[in-house]
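K.L.:
2 protein chains.
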Amino acid sequence: MYAVAKRLTKWRTLQGLTKMETLKNRILEDGVVLGNDILKVDSFLNHQIDVELFNEIGKAFKEHFKDKKIDKILTIEASGIGLACLVAQHFNCVPVVFAKKTESLNLDKDIYYSEVYSFTKKKSYKVMVSKKYLKAGENVLVIDDFLANGKAMLGLEDILNQAGAKLAGVGIVIEKGFQGGGDDIRGRGIDLKSLAIVDSMEDGRIKFRE
Amino acid sequence: MYAVAKRLTKWRTLQGLTKMETLKNRILEDGVVLGNDILKVDSFLNHQIDVELFNEIGKAFKEHFKDKKIDKILTIEASGIGLACLVAQHFNCVPVVFAKKTESLNLDKDIYYSEVYSFTKKKSYKVMVSKKYLKAGENVLVIDDFLANGKAMLGLEDILNQAGAKLAGVGIVIEKGFQGGGDDIRGRGIDLKSLAIVDSMEDGRIKFRE
């Protein structure tokens, strides 16, 4: 079933559909809606990873942010990391920094941190970045797999502000438009590129924003 | 200081040192030893990520495992994910699956799981892979940034056994040889490739195995 869907997606790519249409088809074919607000896309995005698709996503982000100077890519563990690394290849292999969610003997004591409420995990957690890896004046592109209510993004923005770094833009694979985070970010004048915006999932039917 | 070290590393690469020597130099230049057993390499491996270096690492793993059929790459969140994605590009972009450490609304109920003791976090945790993403007979290459006492690897092997998948080999960036996990894995006849094996870190001096 998965293999068939994958071949179908590849075939459609060859037929000249745009990258965003390929991604949207993949979401429709492989995505599983749980309740009205959880979209499971773990067959290609956040448990099993389709490396070729991530490279296509990297190209699409490069196309959108081609006029921006990007010094660094910032993401958040865990599922953002693979995406950010493959995307970075399309931005001259700039360093990727991932915000950590758990304390560890390996993490510096000298960190920027912020509090974030997780919608999928139903609890608050800290996001942390070592002060060594974000510098004042750096142009930072934030990359993540999902954007829902935007709480994680607020945490990353807070950290960038603490560092005096500049948020050059935000690249998101799937925005859950009905949860408001994306509109809030756009409303604040931030250059946000979401490759697919899901505006509703009522009765398990995924509707994209035009 | 970091930039100088990076340029130096690049210069050495150009001078024809092998990839493994480049990695070892980077560990010597940027690595920080804490106590006798913690090696911090978060400037390029597990907090900030050097995407070009990860691609070189991918090439080195491909060179070692070139005669093996690899259907899938398995790693463990979080720091293994970026590495596994970049390595996968050198293995025909096979899918990457990362074992999860935390339960989530997004994770299937139908999972393989195993218990692992974390040396850096000083506690046990569960590693989980959805049954959908590991199949009987698949040839799986396990990729991770660090190998110490080998507990995480035992957890992944347990999961592969439950799935009936085959462990084709293990690719590790830094093995802490003095913690025994690597010798144990080799002793069981598994094809383990560690790009750098640190045999001691006494008084903060890193010594590699020849």
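Here the protein sequences line up with chains W and R, keeping their order.
Once you know that position 121 of the first sequence is 121 in UniProt numbering, the rest is easy, because the numbers rise by one and skip nothing.
Once you know that position 181 of the second sequence is 181 in UniProt numbering, the rest is easy, because the numbers rise by one and skip nothing.
Positions of the beta carbon are idealized from the N, C-alpha and C atoms, including for glycine.
Values in this document were obtained by computation on a predicted structure and should not be read as measured data.
Going by CA-CA distance only, name the one from W:His-64, W:Gln-179, W:Phe-98, W:Ser-200 that's closest to Leu-156 (chain W).
P.N.:
Among W:His-64, W:Gln-179, W:Phe-98, W:Ser-200, the Cα nearest to that of Leu-156 (chain W) belongs to W:Phe-98.
K.L.:
Considering Gly-80 (chain W), what are the terminal residues of the alpha helix (DSSP H) in which it resides?
P.N.:
Unbroken alpha helix (DSSP H) run through Gly-80 (chain W): 80-88.
K.L.:
Is any beta-carbon of chain R found at less than 7 Å from that of Gly-137 (chain W)?
P.N.:
False, the Cβ-Cβ gap to chain R never drops below 7 Å.
K.L.:
Using a 10 Å radius around the Cβ and a threshold of 16 neighbouring Cβ atoms, would you call Gly-204 (chain W) buried or exposed?
P.N.:
Classification for Gly-204 (chain W): exposed.
K.L.:
Can you check which of these residues, R:Met-153, R:Gly-181, R:Ile-81, R:Gln-48, is closest to Ile-197 (chain R) by C-alpha distance?
P.N.:
Closest by alpha carbon: R:Gly-181.
K.L.:
So for Ala-136 (chain R), helix, strand or coil by DSSP?
P.N.:
Of the three classes helix, strand and coil, the one that applies to Ala-136 (chain R) here is coil, per DSSP.
K.L.:
Indicate, with yes or no, if the ligand NAD has a heavy atom lying under 6 Å from the CB of Asn-55 (chain R).
P.N.:
This structure lacks the ligand NAD, and indeed carries no ligand of any kind.
K.L.:
Are any of the Cβ atoms in chain R nearer than 7 Å to that of His-47 (chain W)?
P.N.:
Judged by the 7 Å Cβ criterion, His-47 (chain W) is in contact with chain R.
K.L.:
Would you kindly work out how many angstroms separate the C-alpha atoms of Arg-188 (chain W) and Arg-209 (chain W), rounded to a whole number?
P.N.:
One C-alpha to the other measures close to 20 Å.
K.L.:
Using the DSSP secondary-structure output, state which residues sit across from Gly-171 (chain R) in a beta bridge.
P.N.:
Note: Gly-171 (chain R) sits in a beta bridge opposite R:Ile-143, R:Lys-193.
K.L.:
Would Ile-206 (chain R) pass as an interface residue toward chain W - the criterion being a Cβ-Cβ separation below 7 Å?
P.N.:
For Ile-206 (chain R), the answer is no, since every Cβ of chain W falls outside 7 Å of its Cβ.
K.L.:
Spatial neighbours of Gly-164 (chain W) within its chain, please: CB distance less than 6 Å, with the 5 preceding and 5 following residues excluded, ordered by chain position.
P.N.:
For Gly-164 (chain W), where only same-chain residues beyond five positions count, the Cβ hits under 6 Å are Ala-136.
K.L.:
Using 8 Å as the cut-off, can you tell me whether the segment 137-148 of chain W makes contact with the segment 161-176 of chain W, which would need three or more C-beta pairs spanning the two stretches below that distance?
P.N.:
As far as the Cβ criterion goes, the segment 137-148 of chain W touches the segment 161-176 of chain W, which means the pair count is three or higher.
K.L.:
I'd like the list of long-range same chain contacts for Arg-186 (chain W), defined as Cβ closer than 6 Å, with 5 residues on each side in sequence excluded.
P.N.:
Closer than 6 Å at the Cβ level, and outside the excluded window around Arg-186 (chain W), lie Leu-192.
K.L.:
Asp-199 (chain W) by DSSP, collapsed to three states: which one?
P.N.:
Correct three-state label for Asp-199 (chain W): strand.
K.L.:
Are the CB atoms of Leu-195 (chain W) and Leu-39 (chain W) nearer to each other than 7 Å?
P.N.:
No; because the gap between Cβ atoms is not below 7 Å, this pair is not in contact.
K.L.:
Where in the segment 19-99 of chain R do unbroken runs of the beta strand (DSSP E), each at least 3 residues long, occur, reported from the N-terminal end onward?
P.N.:
Within the segment 19-99 of chain R, the complete beta strand (DSSP E) runs of at least 3 residues are 32-34, 38-40, 72-76, 96-99.
K.L.:
Scan the segment 118-134 of chain R for residues whose Cβ lies nearer than 9 Å to a Cβ of chain W and list them as they occur along the chain.
P.N.:
Answer set for the segment 118-134 of chain R: Ser-118, Phe-119, Thr-120, Lys-121, Lys-122, Val-129, Ser-130, Lys-132, Tyr-133.
K.L.:
Is residue 238 (chain R) buried or exposed, if buried means 16 or more other CB atoms sit within 10 Å of its CB?
P.N.:
A query on residue 238 (chain R) cannot be resolved here, the shown segment of chain R reaching from 1 to 210 and no further.
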